[in-house]
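I have placed the structure first, in the form of structure tokens, so that the comments after it can refer back to it.
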Amino acid sequence: MTITDNKTIKAIQVEFNTKFPYLKLEFYAHEHEEQEGSPDRDKLADTFTIGNARTQMNEGDLSIHANQKVSTLEQNFHDIYGLNVQVFRKSGDVWLQTTATDHWTLHKQNEKGAIADNITKTSA
């Protein structure tokens, strides 16, 4: 995923969600502590550009792969680009912050979201 100043948060969210359809990224004004959630009041609008949202002025490619832990991805966004992100997993009709399971890989999170989504659809 390429991170540039003129790219919007929405563009990054769409790109991420294309790779992991049962996960989403949300961007926040402040950093969250390990295994803690981020409050809704700190969420940045998806129309913000990366240039407006970040504190580190690096640009370039951010490696995101299925075997990467959620905590590693969130930390990389913060350390390299000064962006505060939180991964959410789809659970039925709601999105949950993955705070208690940040040690899981993106693949495992996405798989868990797919299972929950299929159960919800079959129950309906």
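When we follow our numbering, the leftmost residue of the sequence shown carries the number 2, and every step to the right adds one. Just so it is clear, CB atoms sit at the ideal spot from N, CA and C, and this is done for glycine as well.
Coil, strand or helix - residue i by DSSP
i: residue 82; result: helix
i: residue 17; result: helix
i: residue 50; result: strand
i: residue 90; result: strand
i: residue 56; result: coil
i: residue 102; result: helix
i: residue 109; result: helix
i: residue 5; result: coil
i: residue 38; result: coil
Beta-carbon proximity check, residue i vs residue j, cutoff 8 angstroms
i: residue 24; j: residue 97; result: no
i: residue 30; j: residue 43; result: yes
i: residue 45; j: residue 2; result: no
i: residue 4; j: residue 47; result: no
i: residue 90; j: residue 70; result: no
i: residue 110; j: residue 81; result: no
i: residue 52; j: residue 7; result: yes
Residue interval of the beta strand (DSSP E) (run including residue i)
i: residue 1; result: Given a span of 2 to 125 for the chain in the structure shown, any question on residue 1 remains unanswerable.
i: residue 97; result: 95-98
With 16 other Cβ atoms within 10 Å as the buried cut-off, status of residue i
i: residue 88; result: buried
i: residue 86; result: buried
i: residue 54; result: buried
i: residue 103; result: buried
i: residue 116; result: exposed
i: residue 13; result: buried
Cβ-Cβ separation, residue j to residue i (assumed contact under 8 angstroms), whole Å
i: residue 74; j: residue 28; result: With a Cβ gap of about 13 angstroms, residue 74 and residue 28 do not count as contacting.
i: residue 37; j: residue 100; result: 6 angstroms
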